[in-house]
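Here the structure comes first, spelled out in structure tokens, and everything after it is commentary.
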């Protein structure tokens, strides 16, 4: 403990925040050892504009400002000892030490990021219980629930410049290693439940490697390889504040930002930050679908906005639930879910030939093109083509129309696929306006 105290004091005196510029993506501090200014990159969750965070359907429908908030723009000053004592009182097993760099990040949250903090305090009602459940399942410190605050600002659709996605900002290789499906149709990094359990499992595995939560958080940001390298350069000392100078720029601010996030999410009242009010959200439920269904089909027949379906099912990238690929979940408000279950085939068939343009069966036009040359070979081809064309026309006349009998469980889409035609042609040939057909019914397919 004495050694850690010395390290904290050394870092605090060595790095003093510069009074000069602070950009939207960086914090500048002065290193007294080198006599140079040092730039620390902010975690991307601290760079998002508050207005952009309010574009989500849930935020627009269920979050609204607290108009009774007193002095919302006044951020009272406090002595360093006050911040140190407040951090000490946070109920956490992880270290929450104080130094000038942590103070710099607290100032950022309580100052120019006040509106973002107000949003996150409100949006936390949607997501924090999910985080706590996943962390508790793996026996991890619950204060890790504020990691997505600095990762994504609680935006499930967040995407970093490096390609990390979702509330927990998973990179693609790590996501797949921890069981999250990512393909052209699905990105489970945006699924709050699945990504939270994957993140908790990843954090648990990192702790098995490093045995220190600050190092775990650093490794979560820059990868365990970079932390191992920094430890070697610091002569094997396994302490975040000792390896600090050897870490990437963003990771140097990552642990201080995490400490500051824990501080501001606990002591926002002391800084006159009022959480956005949260209306009681609608009750939702989930159903498993085994056929492809488009959000527009659900929206138009079940009386719900597409934006609502997108917000409740952020893992689907193209507004299609790919149930035909594998059983897939669909989350809807209970009333609309009941309508979806009751309508069944009507939803799946509605505008299906218009919304699903990816063909599963294609007819090839084998007609030979008319030759353009005048050589003997061209003349032979023209003659040969004429004979083939004549034979094909003869066969076509002999075959005439063709029909099929509707089987139990058939739909127009299934019959069309089986007979190499389209739903629109079936409707036109048989005078069908909707999608209603009955077993035993005769349908023309040609």
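Numbering (the numbering used here), first residue to last: 1256 to 1701.
Even for Gly, the Cβ is constructed at its ideal location relative to N, Cα and C.
Fair warning: this is a prediction, and the values are worked out from it, not measured in the lab.
- Where residue 1544 is concerned, the enclosing beta strand (DSSP E) starts and stops at 1539–1544.
- Taking the Cβ atoms as the reference, residue 1550 lies roughly 4 Å from residue 1574, within the contact range of under 8 Å.
- In the DSSP annotation of this structure, the continuous segment of the beta strand (DSSP E) that includes residue 1585 starts and ends at 1583–1588.
- At least 9 Å separates the beta-carbon of residue 1531 from that of residue 1298.
- Straight across, the Cα-Cα distance linking residue 1545 with residue 1430 is about 24 Å.
- Looking at the backbone, the Cα of residue 1334 and that of residue 1580 are separated by about 59 Å.
- Here residue 1547 carries a strand assignment [DSSP, helix/strand/coil].
- Here residue 1619 carries a coil assignment [DSSP, helix/strand/coil].
- Selection 1478, 1500, 1477 evaluated against residue 1488 yields 1500 as nearest (Cα-Cα).
- Membership of residue 1479 in the alpha helix (DSSP H) is indicated by the continuous run 1479–1488.
- Short of 8 Å from the beta carbon of residue 1559, and not among the five residues preceding or following it, lie these beta carbons of its own chain, in chain order: 1553, 1587, 1588, 1591.
- Pairwise C-beta distances place the stretch 1508–1524 in contact with the stretch 1335–1355, as three or more of them are shorter than 8 Å.
- DSSP places residue 1575 inside the beta strand (DSSP E), whose first and last residues are 1575–1577.
- When DSSP states are grouped into helix, strand and coil, residue 1700 belongs to the coil group.
- Ranked by Cα distance from residue 1341, the options 1526, 1381, 1678, 1481 are led by 1526.
- Annotation: the continuous beta strand (DSSP E) that includes residue 1658 extends over 1658–1660.
- Residue 1571 is bridged by DSSP to 1441.
- Residue 1411 is a Cβ neighbour of residue 1311, given a cutoff of 9 Å.
- Burial state of residue 1617 is exposed, judged by a 10 Å Cβ sphere holding fewer than 16 other Cβ atoms.
- Judged by DSSP in its simplified three-state form, residue 1533 adopts strand.
- Residue 1442 is classed as buried because its beta carbon has at least 16 other beta carbons within 10 Å across all chains shown.
- Of all alpha-carbon atoms in 1336, 1671, 1666, the one lying nearest the alpha-carbon of residue 1657 is that of 1671.
- Within the stretch 1342–1426, the runs of alpha helix (DSSP H) that reach at least 4 residues and sit entirely inside it are, in chain order, 1355–1365, 1369–1392, 1402–1407.
- Taken atom to atom, the span from the alpha-carbon of residue 1614 to that of residue 1570 is near 24 Å.
- Its chain contains 1667, 1671 as the residues whose beta carbon lies nearer than 6 Å to that of residue 1681, once the 5 sequence neighbours on both sides are disregarded; these appear in chain order.
- For residue 1506, the uninterrupted alpha helix (DSSP H) segment begins and ends at 1504–1507.
- Burial is judged here by how many other beta carbons sit within 10 angstroms of a residue's own beta carbon; residue 1495 has at least 16 and is buried.
- Bounds of the alpha helix (DSSP H) holding residue 1447 are 1447–1465.
- Burial is judged here by how many other beta carbons sit within 10 angstroms of a residue's own beta carbon; residue 1619 has fewer than 16 and is exposed.
- Per the coordinates, the alpha-carbon of residue 1281 lies some 20 Å from the alpha-carbon of residue 1518.
- Per DSSP, reduced to three states, the secondary structure at residue 1309 is coil, with no helix or strand assignment.
- Counting other Cβ atoms within 10 Å of its Cβ, residue 1446 reaches 16 or more and is therefore classed as buried.
- Residue 1401 and residue 1612 have their C-alpha atoms spaced approximately 43 Å apart.
- Shown here for residue 1538: same chain residues with a beta carbon closer than 6 Å to its own, the five before and five after excluded, namely 1589 in chain order.
- Beyond the five residues adjoining it in sequence on each side, residue 1556 comes within less than 7 Å, by CB distance, of 1598, 1601, 1602, 1605 in the same chain, given in chain order.
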